[in-house]
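Chains as they are written, first to last, in the numbering used here: chain B, 1 to 362; chain W, 363 to 724.
Down below is the structure, laid out as structure tokens.
Protein chains: 2
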Amino acid sequence: MVTRHVNFNAGPSTLPLPVLERAQREFLDYEGSGMSIIEHSHRGAVYEAVHNDAIERLTRVLQIPDTHQVLFMHGGASTQFALIPMNLRNDAGSGDYIVTGTWGQKALGEAKIVATPHVAWDQSVEGRYERLPKQDELNLRPDAPYVHLTSNNTIMGTQFFELPDTGAVPLVVDMSSDILWRPIDVSRFAMIYAGAQKNMGPSGVTVLIMRKDLIEGARKDIPKIFRYGEVAKANSLQNTIATFPVYMVRNVLAWIEEQGGLPAMERHNRAKGEAIYGAIDGSDGFYRCPVATEDRSVMNVVFRLPSEALDKKFVAEATAAGLVGLKGHRQVGGIRASIYNAMPLDGVERLVDFMHRFAQAN
Amino acid sequence: MVTRHVNFNAGPSTLPLPVLERAQREFLDYEGSGMSIIEHSHRGAVYEAVHNDAIERLTRVLQIPDTHQVLFMHGGASTQFALIPMNLRNDAGSGDYIVTGTWGQKALGEAKIVATPHVAWDQSVEGRYERLPKQDELNLRPDAPYVHLTSNNTIMGTQFFELPDTGAVPLVVDMSSDILWRPIDVSRFAMIYAGAQKNMGPSGVTVLIMRKDLIEGARKDIPKIFRYGEVAKANSLQNTIATFPVYMVRNVLAWIEEQGGLPAMERHNRAKGEAIYGAIDGSDGFYRCPVATEDRSVMNVVFRLPSEALDKKFVAEATAAGLVGLKGHRQVGGIRASIYNAMPLDGVERLVDFMHRFAQAN
């Protein structure tokens, strides 16, 4: 019998147990093919069926319209920080950046190296980003090649619940840490991108959902391996993709469908968020969340205790109780509970119980 | 009981059965940590131990000197085709390219986009590259920033057994399809790079072995995620690496050490090569290998039958007999048997038996 810890890691992160069990069961002999899925050629019929099934399931789950294409790429979201301006800049420079935390800062940093970007918003208080901008605070250019933002900030614990209006300017969103958390209207996005290792699978593959006209208009004066147009033309098999991560993404999508799709994910995620934020707000100030109430992430819950010594004690005792990965990011300290799709409600309830007991004892 | 086929795929390719069995056994609970290795944070102690163990084992197996550093990167060898000139070009352009097949052509193609390269050798006969150059055929520049070559050509079935002398110019070698096939003197190379999916593991990670002075001198005017200097400084954890592929590479390296290291791999690989080439040369011309005898690859054995119809029949009957992945690459046709480290001698013997029976019957 396997002892399974409750894993609050920010990514790579917990995955649905049935998905792990399926991978284990199929690992030596995938569907009677006489070999592991990881030994199949990326150009063979067996892997290609998995690859296309992943694309079809993502299209179904997110209701991706015909105007958009799904791509798989290497390199994580951080590689997209460079590839987005390389592909989408115009001759005047790169896009408008709404900077709401570390990931937005990094995206802006790479854009500065590629071609001059424009900062549409970047407000930090003592190095922290504890709220998100309102529409009228954004300094957007009507002729920008794109607007970039991060929909959920894993480190700061903020999340956009309403997206800014960018008019006719293509909206490009790093959705690494909240893709698939609830239904969205994909037609509002020119490009969504996300590393797999939070809501979709293990690390090693990045999912892009791009408007076809944006793909077609992407630059062709960069190395071929980096061109969105070439990736799209090759159905993401220009070279060997990380086949195991794509296989796992397919299996996670199958699990989401079995659970009832994104409406079920949203109910499940909101229930978990309410349970933890309820425990924080009902603790008479013992636990404090620094994030503005309306911007509190339901994927990464960030909070602090009355002292750093208590933060440490909390993490140590939680770990001993099988609640792991709760230490806050080194940039902000405190506690962080990452509660992506695969975190069961039971795991959150165990954390909430622990929080009550810890507060009473301390 | 699992029926395991003999898998001659060119990559992703067959992996050692004990390595697959270990991954399956450990999949739900890695070393009692209460979670799968793919659920561990890339910044946590458990994954970091795996990551560093992979580097240490590679260093031991290849006897990598202190002058060199091991890096893991995303994107496959094809991404290096762009990153090498981006990082290593000088103000006059990029390096000298010895083009011995499709992969060299692609590397040259990306270099042309980044900064003017120089062709040191490129001979094809009707689009084929059936032999490798001799030293005196190479047109090398003494002031080139680097010389690039492909040590083994998966499509053409050629392999360098003696490397060209490039003098003081750094030698950069795409060793994707023959790294770890035998002991080498790493000090002769300024940079070795290889996608994992032939001799090292599943697809999703690229291994670089680079001279430290080359890393330090690499360009800093490119996006940070692409800079060799940044990758090295972060011990390849600048962003989230594909953790499962790295874990598998570690396990393949452990298997190589158990087998007796690279001297044992070389004996094993030479025995397999002799068995298949022996069957070809002893077939009275029924099987023909187009490659010059001294350049015949012991990783990818390419041969043809008297007609395309017989090629097809051979592949179909072999597949029915559990010998899969033998169809030649679409560029050259015929048959290709990829016999990397993980291909057991028994698998090659089964192929040789089949070749005898097929030649007699046809």
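C-beta atoms are modelled at their ideal positions from N, C-alpha and C, and glycine is treated no differently.
Identify each residue in the segment 672-693 of chain W for which the Cβ-Cβ distance to at least one residue of chain B is less than 8 Å, and report them in chain order. G684, V686 and G687
Let me see if you follow: with CB-CB separation under 9 Å, is B/R4 close to chain W or not? yes
At 4 residues or longer, and completely inside the segment 281-330 of chain B: list those alpha helix (DSSP H) runs for me, N to C. 308-320
With C-beta atoms as the reference, is W/T441 less than 9 Å away from W/V432? no
Beta strand (DSSP E) containing W/H430: first to last residue? H430 to M435
Per-residue DSSP class, three states only, for W/W465: helix
Following the continuous alpha helix (DSSP H) through B/L253, name the residue where it begins and the one where it ends. T243 to Q259
Backbone CA spacing between B/G109 and W/I587 [nearest angstrom]: 11 Å
Please decide whether B/N239 counts as near chain W, where near means a Cβ-Cβ distance under 9 Å. yes
Using 10 angstroms around the beta-carbon of B/S33, count the other beta-carbons present and answer buried if the total reaches 16, otherwise exposed. buried
Evaluate the contact criterion for the segment 611-618 of chain W versus the segment 38-48 of chain B: three or more CB pairs, one atom per stretch, below 8 Å. Contact between the segment 611-618 of chain W and the segment 38-48 of chain B is absent: fewer than 3 CB-CB pairs across the two stretches fall below 8 Å.
State the beta-bridge partners of W/H510 as determined by DSSP. W/Y459 and W/V534
Kindly indicate which residue of W/R493, W/A439, W/E492 and W/M448 has the alpha-carbon position closest to the one of W/K468. W/A439
Once you ignore the five residues that flank W/L445 on each side, which residues in its own chain have a CB closer than 7 Å to its CB? Around W/L445: F588.
State whether the segment 278-295 of chain B contacts the segment 369-379 of chain W, with contact taken as three or more CB pairs (one from each stretch) at a distance under 8 Å. no
Could you tell me how far apart the beta carbons of B/T150 and B/W103 are, in whole angstroms, since I believe they sit closer than 8 Å? Between B/W103 and B/T150 the Cβ distance is about 5 Å, and since that is below 8 Å, they are a contact.
Starting from the beta carbon of B/N7, find every residue of chain W whose beta carbon is closer than 8 Å, and list them in chain order. G396, M397 and E401
When the cut-off is 9 Å and only beta carbons count, does B/G75 lie next to chain W? yes
Using only the alpha-carbon positions, how far apart do B/M299 and B/P290 sit? 15 Å
Nearest-angstrom Cα separation, counted from W/V535 out to W/I554: 5 Å
By the criterion of Cβ-Cβ separation under 8 Å, what are the contact partners of W/E472 in chain B? Near W/E472 (Cβ distances below 8 Å), the residues of chain B are P223, K224 and I225.
Write down the C-beta distance between B/I113 and W/P585 rounded to the nearest angstrom, noting that I regard them as a contact closer than 8 Å. 5 Å
If I'm right that B/V50 touches B/V207 with Cβ under 8 Å, what's the distance once you round it to whole angstroms? Actually they are not in contact, since the Cβ atoms of B/V50 and B/V207 sit about 15 Å apart, beyond 8 Å.
Scan the segment 418-443 of chain W for residues whose Cβ lies nearer than 8 Å to a Cβ of chain B and list them as they occur along the chain. H436, G437, G438, A439, S440, T441 and F443
Taking only the alpha-carbon atoms, compute the straight-line gap between B/T154 and W/W543 and give it to the nearest angstrom. 43 Å
Under 8 Å from the C-beta of W/F606: neighbouring residues of chain B: P202, S203, G204, F244 and P245
As assigned by DSSP and simplified to three states, the class of W/G579: helix
Hey, B/V352 and B/A275 are a contact pair by Cβ (cut 8 Å); roughly how many whole angstroms apart? Correct: roughly 5 Å between the Cβ atoms.
Kindly indicate which three-state DSSP category W/G696 falls into: helix, strand or coil? coil
Since B/M156 and B/G101 should fall inside the 8 Å C-beta cutoff, what is the C-beta to C-beta distance between them, to a whole number of angstroms? 4 Å
For B/Y277, which residues in the same chain have their Cβ closer than 8 Å to its Cβ, ignoring the five residues on either side in sequence? C289, R296 and V301
Among the residues of its own chain, which have a CB less than 7 Å from the CB of B/G347, if the five just before and after it don't count? V6
Once you ignore the five residues that flank B/A232 on each side, which residues in its own chain have a CB closer than 7 Å to its CB? Q69, L71 and I215
Cβ atoms of W/S398 and B/L20: under 9 Å apart, would you say? Yes, they are a contact pair.
Near B/G273, which residues of its chain fall below 6 Å by C-beta distance, leaving aside the five closest residues on each side in sequence? V298
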